[in-house]
Amino acid sequence: TLEGTARTVGLFDIGTNSVRLSIVQVRVGVPVVVNQQREMVRRGGGEVRDGEVQPESMDRCAAVCRRFRDLVRSYGDGEIVAVATSATRDAANQGRFLARLREEADLDVRVISGREEARLIYLGVVSGLHLGTSRALFVDIGGGSTELVVGTQTQHEYLDTLKLGAIRLSTLFQGADRRGPISEETYQDMKRHVRDASVRSVQRIRALGVDRCVVS
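When the letters of the sequence shown are read in order and numbered with the numbering used here, they come out as residues 2 to 217.
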């Protein structure tokens with residue numbers, strides 16, 4: 002980039018529970034975050050029924066993405082990078098949803114795998130840490146999935162993704178419309194479910210050995 006000019010990049014993260022936007026301007030090779038937005042769209046839970054994203058949920062997400070796209074344009078022409086995670090990659094009507102985002106928000110969205118999501122999470126988190134020679138377990142708890150990574154300061158050694166997101170679990174055990182605290186019995190059932198779903202990952206992580214755990 003020429004000195005005095007800046008390149009604008011809009012980064013969209015379309016998750017199960019929210020849409021996040023970061024607007025970055027790169028000047029002389031140095032990226033600076035100039036705006037960050039996050040809006041809840043709750044595309045998981047009751048909005049995903051029978052394996053499909055529901056029309057009302059599509060409406061909300063498309064409206065948010067369109068508004069965010071306009072915000073990026075207010076900074077000038079630039080690059081757009083948009084990714085979608087758990088709720089979109091699991092949806093039977095994924096194609097229809099992505100087509101709406103193209104038509105209504107002018108977004109070409111890439112659906113990333115759980116392992117790719119884990120890799121990107123590792124890169125983002127480790128960039129703000131000083132691990133030295135230690136090995137860490139990184140845990141990212143989302144709405145639809147939880148990603149697990151074992152790695153050092155310079156490389157990851159293990160990547161995994163589990164269908165254990167907060168919304169996914171609350172919907173499974175409480176139903177889409179239930180609100181309020183859960184019973185102790187339900188809580189114990191949830192813990193058993195988490196243990197059963199994560200047993201192979203836990204065994205692998207224990208075999209690798211870690212010095213610390215970082216949870217986001």
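Where is the CB? At the ideal position from N, CA and C, for every residue including glycine.
| Item | Value |
| --- | --- |
| Please name the residue, chosen from Leu22, Phe174, Val211 and Asp91, that lies closest to Phe139 on a Cα-to-Cα basis. | Val211 |
| Give me the residue from Cys214, Gly145 and Glu186 with the minimum Cα distance to Ala85. | Gly145 |
| Quick one: any contact between the region 166 to 186 and the region 95 to 102, if contact means 3 or more CB pairs under 8 angstroms? | no |
| Can you say whether Glu80 is buried or exposed, counting buried as having 16 or more other CB atoms within 10 angstroms of its CB? | exposed |
| Reducing DSSP to helix, strand and coil, say where Leu3 ends up. | Residue placement at Leu3 is poorly supported in this model, since its pLDDT is 47, which falls under 50; the coordinates are not used for a value here. |
| Figure out for me which residue from His194, Asp14, Thr9 and Met191 has the closest Cα to the Cα of Ile113. | Asp14 |
| List in chain order: all unbroken beta strand (DSSP E) runs of 3+ residues lying wholly within the region 109 to 163. | 110 to 112, 137 to 142, 147 to 152 and 157 to 163 |
| Going by DSSP, what residue range makes up the beta strand (DSSP E) through Leu12? | Arg8 to Ile15 |
| Give me whichever residues DSSP pairs with Arg21 in a beta bridge. | Asp14 and Arg39 |
| So, helix, strand or coil for Val203, using DSSP? | helix |
| Is it right to say Gly45 is buried, meaning 16 or more other beta carbons lie within 10 angstroms of its own, or is it exposed? | The pLDDT assigned to Gly45 is 46, lower than 50, so where the model puts this residue is not dependable; a value taken from the coordinates is nonetheless given after this. Buried, since its Cβ has 16 or more Cβ neighbours within 10 Å. |
| Would you call the region 150 to 157 and the region 168 to 175 in contact, with 3 or more CB pairs under 8 angstroms? | no |
| Which of the three DSSP states is assigned to Ala85 in this structure? | strand |
| Within 10 Å of its beta-carbon, does Leu124 have 16 or more other beta-carbons around it, so buried, or fewer, so exposed? | exposed |
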